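What follows is one structure encoded as C-alpha cells, with my remarks underneath.
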Amino acid sequence: MRHLTTIYQTAVSIQAYTLNRDPSFFHSATSFIPERWLPEASTNPKSPFYHDQRNAVQPFSVGPRECLGQHLAWAELRLILARLVWAFDFEAVEGKKLRWEELRTFLLVEKKPIQVRIKRRSH
C-alpha cells in the first residue's frame, strides 16, 4: 500500500468497500473471483492475481485497536462452514447474479471510553 503523511493526531478513515474495489489494488476488482485468494494466486507469476495487494483487505482492522474477537470469529466461521459443507450439497442457480453495489453496508462507530474506577475487593 502507498504511504501517507498526515498532521499529528489526524484521524484517518479508509472505506473498505471502495478500497476492495480499487483496480490499482486488485485485478478485476469488481468481479467475484474467489480463486484470487488461493495460495497459488500469490506465488505463481503467471496468475492474473499475482500482483493483487491482499494486505489491503483488513476485515478486523489492524494495530492496537484491532478486533479482540477476530480469532473466535474465524474459528466460528470455520465451524459453521464445515457443518454446512458436511450437511448440504451446493450448486449455483442459473441466471442469478448478485450485484454487490445494491447491498446495504454499515459502518461501526467507536464509542467514547467508559470512565470507571476499579479498586480491589476486601475479602
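Once you know that position 84 of the sequence shown is 84 in this note's numbering, the rest is easy, because the numbers rise by one and skip nothing.
All residues carry an ideal CB built from backbone N, CA and C; glycine is no exception.
Computed from a predicted structure; not experimentally measured.
Check	Outcome
Exposure label - Phe-90; buried when at least 16 CB within 10 Å	exposed
Of the listed residues Gly-95, Thr-5, Glu-101, nearest to Thr-18 (C-alpha basis)	Glu-101
Reduced DSSP secondary structure (H/G/I, E/B, other) of Arg-120	coil
Exposure label - Phe-32; buried when at least 16 CB within 10 Å	exposed
Cα-Cα separation, Lys-211 to Lys-119	Past the boundaries of the shown model lies residue 211; the chain is included only from 1 to 123, so the question cannot be answered.
Status (buried if at least 16 other CB within 10 Å, exposed otherwise) for Phe-26	buried
Euclidean distance between Cα positions of Arg-21 and Ala-87	33 Å
Alpha-carbon spacing of Val-12 relative to Glu-66, whole angstroms	15 Å
Option in Leu-38, Thr-43, Phe-49 with minimal Cα separation from Ser-28	Phe-49
DSSP state of Pro-34 mapped onto helix, strand, coil	helix
Rounded C-alpha distance that separates Asn-55 from Gln-9	24 Å
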